[in-house]
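For the sequence shown, the working numbering gives the first residue as 61, with consecutive numbering after it.
All residues carry an ideal CB built from backbone N, CA and C; glycine is no exception.
No experiment lies behind these values; they were computed from the predicted model shown.
Input: a single structure, listed below in structure tokens.
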Amino acid sequence: MMNISNRPLIDATAIQSRVKELAAQLDGDYQGRALTVVVVLNGAMFFAADITRQMRADILLESIRVRSYTGTAPAPELTLFDAGNDAIAGRHILVLEDIVDSGRTAVAILNHFRARQAASISLCTLLDKPARRIETVEPVYIGFTIDDHFVVGYGMDYNGRYRQLPHIYVLES
Ligand code: IMP
Ligand code: MG
Numbered sequence: 061m062m063n064i065s066n067r068p069l070i071d072a073t074a075i076q077s078r079v080k081e082l083a084a085q086l087d088g089d090y091q092g093r094a095l096t097v098v099v100v101l102n103g104a105m106f107f108a109a110d111i112t113r114q115m116r117a118d119i120l121l122e123s124i125r126v127r128s129y130t131g132t133a134p135a136p137e138l139t140l141f142d143a144g145n146d147a148i149a150g151r152h153i154l155v156l157e158d159i160v161d162s163g164r165t166a167v168a169i170l171n172h173f174r175a176r177q178a179a180s181i182s183l184c185t186l187l188d189k190p191a192r193r194i195e196t197v198e199p200v201y202i203g204f205t206i207d208d209h210f211v212v213g214y215g216m217d218y219n220g221r222y223r224q225l226p227h228i229y230v231l232e233s
């Protein structure tokens, strides 16, 4: 039986103030550049909606969907989004993730864009869980670094549940 923690690990106010800081940092770093923001669905949907609406930069907003296999597959299967190459080639790509855990998903996504002539590729993740890293991946932008907890809320799920919660909670058994 799984439950969520009584108190949030990170509450909505803390999330929003960090999101605002990151948005300002991104605006500074990408000033004058052709920027395409790629949202990794479904987990990063709320993060992406909030951070992009705090940004002043002129952006193209795209999405990608990733299906992670828990079985023996060595890498997650990527189901590619259908944006034309116009959104990628020659443009600066900023990938928005909810959480980087083993790093497998992030590496697969970054490799996908490396093959498509982007001008640069950076990763921005709301949460980083470095304790469980398997692949070498360093997100350039990190909202919060957390300990080795399974978390839900603000887009993140457990078997499809809890995504809509405004705060981030720890899943407990
Ligand atoms: P990775 O490929 O192991 O880095 O895992 C990345 C994906 O697994 C994330 O994008 C999430 O969708 C999911 N994930 C990893 N840790 C958590 C968690 O604590 N809560 C919810 N989803 C998680
Ligand atoms: Mg995800």
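Taking every protein chain shown into account, the CB of R164 has 16 or more other CB atoms within 10 angstroms, so this residue is buried. Taking the CA atoms as reference points, M62 sits about 4 Å from S233. The closest CA to that of G150, considering only A179, E157, I159, is found on A179.
Burial is judged here by how many other beta carbons sit within 10 angstroms of a residue's own beta carbon; I64 has at least 16 and is buried. Per DSSP, the continuous beta strand (DSSP E) segment holding G203 begins and ends at 201 to 205. With contact defined as three or more Cβ pairs closer than 8 Å, the segment 207 to 215 and the segment 90 to 99 are not in contact. Taking the Cβ atoms as the reference, D71 lies roughly 15 Å from F107, outside the contact range of under 8 Å. Counting only unbroken stretches of 4 or more residues, the alpha helix (DSSP H) elements lying wholly within the segment 78 to 115 are 105 to 114, in sequence order. The residues L154, V200, in chain order, have a CB closer than 6 Å to that of S182 in the same chain once the five nearest residues on each side in sequence are set aside. Annotation: the continuous alpha helix (DSSP H) that includes R164 extends over 164 to 174. Taking 7 Å as the cut-off, the C-beta of R164 counts as close to a heavy atom of ligand 1.
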